[in-house]
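Chains as they are written, first to last, in our numbering: chain A, 722 to 1031; chain B, 1249 to 1543.
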């Protein structure tokens, strides 16, 4: 770490030298705005969420301490929560592998020395920068049963129209397809950066040894790309567990609870039904899941992923 | 097209092309096909949205569908502005996005400077704590944050939309990495000449950090422009809604009016699209940087 001035020594009486004290004060002053913001809006609220999760509180009557009752009800007696967990897992499984595969294919195509990379990248990025709300509004129209472009295309080639948003079977696939579409460019840019970081000499050497394109992909590109792939997988999983905007605007969680997700359930319990304690317990379960994914990532990364420099 | 690409930009590509011209050509055809299909797939919802936004009520429901409305009904846009306080939503979104971006740049660069350049007890522990907060999903904190807003009487105010969003661990992290890459000799010279810490931050570090600050700025702006859950929770009055919240309620009020809905959605996307087209490289750099974070 770079030091600005010679590190001032501590004086004999155990206090700081004036220079050192000045630097300490400056350090804390520079940190102050951000630290206060974090304490007030992030660190303390996480703990507060847990405290609230131990309450029965509807914002009208005084809160009542109920211990772990909310968690017990949530995990043993709430059929909707079970549905919500299954839905969220469905969404994660539906979006993450397919999203990784498709964005990797596009990144490989972009890395094949094609012309117009900047244009392609801009095109794939437009869905990424668009608000989820706007995207969901667009797709609500595309998925329209009678006049939506997707069904018109299906019936045009002789297939039956699909009641995308009004069928419990099709609503989640509709949300998943839209989510994959929206995030393709984001993952692609990360993959492209990873691909461009693979040293060219590896491919050259393999080509001279007679390895064909597929062999080079299998034995050079994939292993060298493993850290990137792993990273994309983890952030995609975490992001997918937090899905709200897309599903909320496209389907409102329906039909029935077919596309109700964890964050939507938190929102509905807290801000529609004012079950603050119950909603807080769902939030903590979500936090625990994301915490475990991050923790699992660290463990798995050590075993699976090959790093060139470490 | 394919022949001219033979002159590859990278030596490995050139070598590969020499060793198997045919394989290279197949690879290129496959690449362009994938990118072509991908681009159409990425763009067609937008084109269809624009097309629909310019159709009359009856044209929307014509079968087979037409891509180019004849005549284009530009008045749909005026109609949306008449039906909902669109200008107000736009103004709210601009106020919130710009203010949050500025505040985030200030608080993040302050903190990043302290973490990157100053020595004080507890610094490294605090930095670890920051890394930890990166992991906290915003949805976990919305309940106490909402309660705090209503306790302060901030519901339906700009303060509620702006202040809780103005602190970014990600921004601090990104800027700290960049500040660490600036050679310290310049600051040492300035400090010798009696410059204060704030002066070195203001006159040496900031001017050298243009690209990093721009990257954080476009990211903060985009995140804020597109934010939905928090504005949805802390606004009740229509006049305090941001574009995303306004569009969502408009969708509920006019569910079948797809020409109006699409016109409103187009208008909500255009500003962020312009920002993106002009500052594209900063967006891409930001994403690539988050990607590097995994290494």
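Yeah, the Cβ is synthetic: ideal placement off N, Cα and C, and Gly gets one too.
Keep in mind the model is a prediction, meaning the values are calculated, not measured.
Select from the region 1301–1316 of chain B all residues with a C-beta closer than 8 Å to any C-beta belonging to chain A, and list them in chain order. Within the region 1301–1316 of chain B, contact with chain A at the beta-carbon level (separation under 8 Å) is assigned to 1308, 1309, 1311, 1312 and 1313.
Just to confirm before moving on: does the CB-CB distance between residue 1405 of chain B and residue 766 of chain A stay below 8 Å? The Cβ atoms of residue 1405 of chain B and residue 766 of chain A do not sit closer than 8 Å to each other.
Which residues, in chain order, does the region 1495–1516 of chain B contribute to contact with chain A at a C-beta distance below 7 Å? Per Cβ criterion, the list reads 1495, 1496, 1499, 1506, 1509, 1510, 1513 and 1516.
Excluding the 5 residues flanking residue 927 of chain A on each side, which residues of the same chain have their C-beta closer than 8 Å to its C-beta? Once the five neighbours on either side are set aside, the close Cβ partners of residue 927 of chain A are 936, 937, 940 and 941.
Per the DSSP calculation, residue 707 of chain A is bridged to which residue(s)? Here chain A has residues from 722 to 1031 only, and residue 707 of chain A is not among them.
When Cβ atoms are compared, which residues of the region 885–896 of chain A fall closer than 8 Å to chain B? Taking 8 Å as the Cβ-Cβ cut-off against chain B, none of the residues of the region 885–896 of chain A qualify.
Determine whether the beta carbon atoms of residue 966 of chain A and residue 1477 of chain B lie at a separation below 8 Å. Result yes, Cβ atoms of residue 966 of chain A and residue 1477 of chain B sit closer than 8 Å.
Pairs of beta-carbons, one from the region 1416–1429 of chain B and one from the region 1497–1507 of chain B, closer than 8 Å: are there three or more? A contact is defined here as three or more CB-CB pairs under 8 Å, and the region 1416–1429 of chain B fails this definition with respect to the region 1497–1507 of chain B.
Determine, using beta carbons only, whether residue 849 of chain A and residue 911 of chain A come nearer to each other than 8 Å. Inclusion of residue 849 of chain A and residue 911 of chain A in the CB contact set at 8 Å is not warranted, their separation being larger than that value.
Cβ neighbour criterion (16 or more within 10 Å) applied to residue 886 of chain A: Using a 10 angstroms sphere on the CB of residue 886 of chain A, the tally of other CB atoms reaches 16 or more, which defines it as buried.
Which chain C residues are close to residue 1297 of chain B, counting only those with a beta carbon under 9 Å from its beta carbon? The structure shown contains no chain C; its protein chains are A and B.
What is the DSSP secondary structure of residue 1490 of chain B, counted as helix, strand or coil? Note: residue 1490 of chain B maps to coil in three-state DSSP.
Would you say residue 963 of chain A faces chain B, with C-beta separation under 8 Å as the test? Interface flag for residue 963 of chain A against chain B is set, since a Cβ pair is found closer than 8 Å.
Compute the minimum distance between the beta carbon of residue 791 of chain A and the heavy atoms of the ligand FAD, and state whether it is under 7 Å. The ligand FAD is not among the ligands present in this structure, which contains no ligands whatsoever.
Pull up the distance between the alpha-carbon of residue 1511 of chain B and that of residue 1297 of chain B, whole angstroms please. Each residue's alpha carbon lies about 8 Å from the other.
What first and last residue would you give for the alpha helix (DSSP H) that runs through residue 962 of chain A? Its alpha helix (DSSP H) spans residues 943–962.
Which residues in the same chain have their Cβ closer than 8 Å to the Cβ of residue 780 of chain A, if we skip the five residues on either side of it in sequence? Around residue 780 of chain A: 995 and 997.
Against chain B, with Cβ distances strictly below 8 Å, would residue 966 of chain A count as a contact? Answer yes: the Cβ-Cβ gap between residue 966 of chain A and chain B drops below 8 Å somewhere.
Would you say residue 842 of chain A lies against chain B (beta-carbon separation less than 8 Å)? Against chain B, the CB of residue 842 of chain A has a partner CB under 8 Å away; the residue lies at that interface.
Between the C-alpha atoms of residue 934 of chain A and residue 919 of chain A, what's the straight-line distance to the nearest angstrom? Residue 934 of chain A and residue 919 of chain A: Cα-Cα distance of roughly 15 Å.
Look up residue 1501 of chain B in the DSSP assignment and say whether it is helix, strand or coil. Reduced to three states, the DSSP call for residue 1501 of chain B is helix.
Return the chain-ordered list of same chain residues with a C-beta closer than 7 Å to the C-beta of residue 1306 of chain B, the five sequence neighbours on each side being excluded. Around residue 1306 of chain B: no qualifying Cβ.
Give the residues from the region 731–765 of chain A that approach chain B closer than 7 Å (Cβ to any Cβ), ordered along the chain. Going along the region 731–765 of chain A in chain order, one finds 744, 745, 747, 748, 749, 751, 752, 754, 755, 758, 759, 762, 763 and 764 with a Cβ nearer than 7 Å to chain B.
Look at the Cβ atom of residue 1496 of chain B, then the Cβ atom of residue 854 of chain A, and state whether they are nearer than 8 Å. Yes, they are a contact pair.
CB contact check: residue 1470 of chain B to chain A, cutoff 8 Å: Residue 1470 of chain B counts as touching chain A.
For residue 1468 of chain B, tell me which candidate among B/1383, B/1361, B/1481 and B/1346 has the shortest Cα-Cα distance. Measuring from the Cα of residue 1468 of chain B, the nearest candidate turns out to be B/1346.
Within its chain, find whatever has a CB closer than 6 Å to the CB of residue 819 of chain A; leave out the 5 residues flanking it on each side and keep chain order. Cβ-Cβ distances below 6 Å link residue 819 of chain A to 901 in the same chain, with the five nearest sequence neighbours on each side left out; the list follows chain order.
Under the rule that 16 or more other beta-carbon atoms within 10 Å means buried, what is residue 1516 of chain B, buried or exposed? Residue burial annotation: residue 1516 of chain B is buried, with at least 16 other C-beta atoms found within 10 angstroms of its C-beta.
Minimum C-alpha distance to residue 1000 of chain A - residue among B/1387, B/1285 and B/1479: Nearest C-alpha to residue 1000 of chain A: B/1387.
Can you confirm whether residue 801 of chain A, when its beta carbon is compared against all beta carbons of chain B, has any partner nearer than 8 Å? Residue contact check for residue 801 of chain A against chain B: no CB pair falls below 8 Å.
If I follow the unbroken alpha helix (DSSP H) through residue 1478 of chain B, where does it start and stop? 1477–1482 is the span of the alpha helix (DSSP H), which, as asked, contains residue 1478 of chain B.
Alpha carbon to alpha carbon, how far is residue 1328 of chain B from residue 1526 of chain B? Cα-Cα distance, rounded: 27 Å.
Reduced DSSP secondary structure (H/G/I, E/B, other) of residue 1417 of chain B: Three-state result, residue 1417 of chain B: helix.
Do you know whose CA, among A/1003, A/916 and A/925, lies nearest residue 797 of chain A's CA? Measuring from the Cα of residue 797 of chain A, the nearest candidate turns out to be A/1003.
DSSP state of residue 1241 of chain B, grouped into three classes? Because chain B spans 1249 through 1543 in this model, residue 1241 of chain B falls outside it and cannot be assessed.
May I ask which residues mark the beginning and end of the alpha helix (DSSP H) holding residue 924 of chain A? Element bounds for residue 924 of chain A: 921–929.
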